[in-house]
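Q: Just so you know, the working numbering puts 9 at position 8 of the sequence shown, and the rest follows in order with no gaps. Ideal Cβ positions, reconstructed from N, Cα and C, are used throughout, including at glycine.
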Amino acid sequence: MSEVQASAVPETRIHPSAVVEDGAVIGAGVEIGPFCHVGPEARLGDGVRLVSHVVVAGRTTVGPRTRIYPFASIGHPPQDLKFRGEDSTLTIGADCQIREGVTMNPGTAGGGLATVVGDSCAFLANSHVGHDCRVGNHVVFSNNVMLAGHCQVGDYAILGGGAAVIQFARVGAHSFVGGLSGLENDLIPYGMAVGNRAYLSGLNIIGLQRRGFSREEIHALRRAYRLLFALEGTLMERVEDVAAEFDQHPIVQEILAFIREGGKRSVCTPREAPGAA
Numbered sequence: 002m003s004e005v006q007a008s009a010v011p012e013t014r015i016h017p018s019a020v021v022e023d024g025a026v027i028g029a030g031v032e033i034g035p036f037c038h039v040g041p042e043a044r045l046g047d048g049v050r051l052v053s054h055v056v057v058a059g060r061t062t063v064g065p066r067t068r069i070y071p072f073a074s075i076g077h078p079p080q081d082l083k084f085r086g087e088d089s090t091l092t093i094g095a096d097c098q099i100r101e102g103v104t105m106n107p108g109t110a111g112g113g114l115a116t117v118v119g120d121s122c123a124f125l126a127n128s129h130v131g132h133d134c135r136v137g138n139h140v141v142f143s144n145n146v147m148l149a150g151h152c153q154v155g156d157y158a159i160l161g162g163g164a165a166v167i168q169f170a171r172v173g174a175h176s177f178v179g180g181l182s183g184l185e186n187d188l189i190p191y192g193m194a195v196g197n198r199a200y201l202s203g204l205n206i207i208g209l210q211r212r213g214f215s216r217e218e219i220h221a222l223r224r225a226y227r228l229l230f231a232l233e234g235t236l237m238e239r240v241e242d243v244a245a246e247f248d249q250h251p252i253v254q255e256i257l258a259f260i261r262e263g264g265k266r267s268v269c270t271p272r273e274a275p276g277a278a
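(1) Among T235, I189, P107, H129, which one has its Cα closest to the Cα of A158?
(2) Beta carbon of L181, beta carbon of G163: below 8 angstroms?
(3) When the Cα atoms are used, what is the spatial distance from A225 to H38?
(4) For V63 and R239, what's the separation of their Cα atoms in angstroms?
(5) In the DSSP assignment, find the alpha helix (DSSP H) that holds R216 and state where it starts and stops.
(6) For M105, tell me which candidate among D96, E87, A126, G111 has the shortest Cα-Cα distance.
(7) Could you tell me the distance, in whole angstroms, from the CA atom of V146 to the CA atom of N197?
(8) Where does G208 fall in DSSP's three states?
(9) Using DSSP with H/G/I as helix, E/B as strand and the rest coil, what is D187?
(10) Looking at C-alpha atoms only, which residue of P41, V10, H220 is the closest neighbour of E1?
(11) In its own chain, which residues sit with a C-beta less than 7 angstroms from the C-beta of L204, not counting the 5 before and 5 after it?
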């Protein structure tokens, strides 16, 4: 290797007060700050930075360039009383920001033994990702968000400060959960839920505009939303009506696919809408 090539390889820096257990895999250009602890089965991708007082435990993989701030607890055993020490994993994607006091737990035998977080996510101070969750890409958790076990969160979803999501709930892509909301039902893609208990309050129009959706796409979503949550018939009957009318609109079809797929929770509906039977 030439001197030029050698100098291009980022230097890995580990503070003398940090503890990196034998067996840990540390990528190129990793920075491990004061009083951090990296367990023997942890894997830190290239360019990861642990600012200080960070613990990465268990079979945890942290993707390249992710930055983790003080007092985050990443990969400690799940907060599930049924957990019996089974081998399970936590995988965090690239380019994430994990702020102070964040907790993330690996999976359990009852949920596939894996918790997975995507790329380019931001988890603000004291937010929590429970065991067996699946979090997509470009997701934002504001301060003190609580995501219970077995939840799914789609790409570009935003959860406001202090929001709580019940176990097994699904939060659709491009959706928004308002601050201090308690979500106990599935939130459709592009939807917005507020309140405790949370109800569907419309579409995440601001998020759609920020993500570059066209006026035509947004208008189509609005028309489909009004039909989907009208007062006539059951939700599944209205799903089929909307599917036929908007068969050329992929983002409408995405919402319908989410509802058809179903889960362990009902679909979050507007206050004035009938039940999601």
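A: In short:
(1) For the purposes of this step, residue 158 is taken as the residue at position 157 of the sequence shown. The shortest Cα separation from A158 among T235, I189, P107, H129 belongs to I189.
(2) Position 180 of the sequence shown, counted from the first residue, corresponds to residue 181. Position 162 of the sequence shown, counted from the first residue, corresponds to residue 163. For L181 and G163, yes; Cβs fall inside 8 angstroms.
(3) Sequence index remark: in the sequence shown, residue 225 carries index 224 (1-based). Sequence index remark: in the sequence shown, residue 38 carries index 37 (1-based). Those two C-alpha atoms are separated by around 51 angstroms.
(4) For the purposes of this step, residue 63 is identified with residue 62 of the sequence shown, where counting begins at 1. For the purposes of this step, residue 239 is identified with residue 238 of the sequence shown, where counting begins at 1. Using only the alpha carbons, I get a separation of about 43 angstroms.
(5) Residue 216 sits at position 215 when you count from the first residue of the sequence shown. For R216, the uninterrupted alpha helix (DSSP H) segment begins and ends at 216-229.
(6) Walking along the sequence shown from the start, residue 105 turns up at place 104. Of D96, E87, A126, G111, the residue nearest in Cα terms is A126.
(7) To locate residue 146, count along the sequence shown from 1; it is residue 145. To locate residue 197, count along the sequence shown from 1; it is residue 196. Looking at the two C-alpha atoms, the distance is approximately 14 angstroms.
(8) Residue 208 sits at position 207 when you count from the first residue of the sequence shown. Looking at G208 - three-state DSSP - the assignment turns out to be helix.
(9) Along the sequence shown, one-based indexing puts residue 187 at 186. Three-state DSSP puts D187 in a strand.
(10) Residue 1 cannot be examined here, being either before or after the span of the chain that is shown, 2 to 278.
(11) Here the question's residue 204 lines up with position 203 in the sequence shown. The residues are Y191, G192, M193, L222, R223, Y226.
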